[in-house]
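Participant: My structure is below; once you've seen it, I'll send some questions.
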Ligand code: ARG
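Numbering (the numbering used here), first residue to last: 43 to 506.
Structure follows, in structure tokens:
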């Protein structure tokens, strides 16, 4: 039986009827629809709409529908997941099944189901993201005091510890974990009891319904609750940040795995060959992560556009907000699984990193800093060391190979301490501020990152 046929003298156009259905995609919401329906049934019993026997029969049948699971094949006679549960409930429990929709609306149901879905996805993304970050932390720990070049403008700039570089990604992803936790607060509000738009017509205990579904509170306004999709937009935007950071990471690892850079050794498990060129090992896992990031951003944009012109309260356009949420979540979960596998197995070419960190004048700023410690004004020191670099370029050598006389020619008194200051270890040690790359500071940062990360392990899963 349809959920709304009474006032119509004829049925809908067959093509329109099929075209407007959401069951082909919203059936994945079945577990949440069941949980929300059980909470509503209990509230109906408290309000005297269902007697004890009817409540028991309803809950029993709802559990049975839950156990049967998401139907594998679409049924063209079913409009949406709410219609499916009502139809199946009546099949299993008889006429009492038609009582469940008393005092509620599909408008609040879909808003509730989607919130429960998003909450569970937040917990799953958080779990996988924490594992991914943990792979960075482990790599940073095993990198020890190995160094590599850091780039600005993609030109060699200054040496840093490999661990320092990896911890930069840890910071990005820790921010994403924080964003997910923050987003979860606004997701975790219960629309049930809002009715179609003005609030339910029955004295339902909204606090009890919210508590049963582990929501923090009932939604404060029925019009907002039934038409709000900010929580979905915010979730997909948060996923967009995760995808953005994954994409930057993927790009950098692709670059560093090239023969030209040679800093990263692609793991065979996450690479593919070429059907034409026998020698190839391609970074497909990383390229697909970079490529799929664009699709996640597109889902965020789709959500904004779907909602931007909607007057209050529920409009059927809102049905279009489901798939972008499902797709974005599935994309990011898949990306994270592969990214974690990659990050756990990837190896670094430490000798090449170390060698690259020791040349290309990346000690020039440290050399200027040494002169500054001797009392030379920085701008002048900059100029003098710049001259020395020019001399090196003419001679084809590094700053540490330039003779004392050459330095004298540049008005620099190059004593033994000056030459010592040019050594890689000294250059690293000079960046001795919190957040800098001096080994002691990096060890501190590693410890702090581990502490921050630990709070995301063991995140409780949503009860549905
Ligand atoms: N399938 C619908 C959706 O996803 C459920 C709500 C239908 N409400 C309505 N007033 N037609 O939005």
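From the three backbone atoms N, C-alpha and C, an ideal C-beta is built for every residue, glycine too.
State yes or no: is the C-beta of residue 470 nearer than 7 Å to some heavy atom of ligand 1?
Facilitator: No, Cβ of residue 470 sits at least 7 Å from all heavy atoms of ligand 1.
Participant: Could you check whether the Cβ of residue 149 sits closer than 7 Å to any heavy atom belonging to ligand 1?
Facilitator: Because some heavy atom of ligand 1 lies under 7 Å away, the Cβ of residue 149 counts as near it: yes.
Participant: Would you call the CB atoms of residue 367 and residue 282 closer than 8 Å?
Facilitator: Not a contact, by the Cβ cut-off of 8 Å.
Participant: Taking the straight line between their C-alpha atoms, what separation do you get for residue 311 and residue 384?
Facilitator: Whole-angstrom Cα-Cα distance: 8 Å.
Participant: Just mark residue 206 as buried or exposed, buried being the case when its beta carbon has 16 or more other beta carbons within 10 Å.
Facilitator: The residue in question, residue 206, is buried, as its Cβ has 16 or more Cβ neighbours within 10 Å.
Participant: Is it buried or exposed, residue 291, if we count other Cβ atoms within 10 angstroms and call 16 or more buried?
Facilitator: So residue 291 ends up on the buried side.
Participant: Could you tell me the alpha carbon to alpha carbon distance between residue 96 and residue 138, rounded to whole angstroms?
Facilitator: Rounded to whole angstroms, residue 96 to residue 138 spans 7 Å at the Cα level.
Participant: Any chance the CB of residue 358 is under 7 Å from a heavy atom of ligand 1?
Facilitator: Result yes, Cβ under 7 Å from ligand 1.
Participant: Quick one: is residue 226 buried, meaning 16 or more other Cβ sit within 10 Å of its Cβ, or exposed?
Facilitator: So residue 226 ends up on the buried side.
Participant: Residue 149 by DSSP, collapsed to three states: which one?
Facilitator: Helix.
Participant: Look at the Cβ atom of residue 238, then the Cβ atom of residue 147, and state whether they are nearer than 8 Å.
Facilitator: Yes. Within cutoff.
Participant: For a quick check, are the C-beta atoms of residue 99 and residue 56 less than 8 Å apart?
Facilitator: No, these two residues do not count as a Cβ contact at 8 Å.
Participant: Do the stretch 401-413 and the stretch 360-378 touch if we need at least three Cβ pairs shorter than 8 Å?
Facilitator: No, the stretch 401-413 does not touch the stretch 360-378.
Participant: Output yes or no for whether 8 Å exceeds the beta carbon distance between residue 254 and residue 81.
Facilitator: Closer than 8 Å, so yes.
Participant: Tell me the start and end of each unbroken alpha helix (DSSP H) in the stretch 409-455 that is at least 4 residues and wholly inside, in chain order.
Facilitator: Correct list: 420-437, 446-451.
Participant: Looking at the unbroken alpha helix (DSSP H) that takes in residue 366, where does it start and where does it end?
Facilitator: Where residue 366 is concerned, the enclosing alpha helix (DSSP H) stretches over 364-387.
Participant: When you compare each of 228, 280, 208 to residue 260 by their alpha carbons, which one comes out closest?
Facilitator: Closest option to residue 260, Cα to Cα, is 228.
Participant: Can you give me the C-alpha to C-alpha distance between residue 50 and residue 331, rounded to a whole angstrom?
Facilitator: Each residue's alpha carbon lies about 50 Å from the other.
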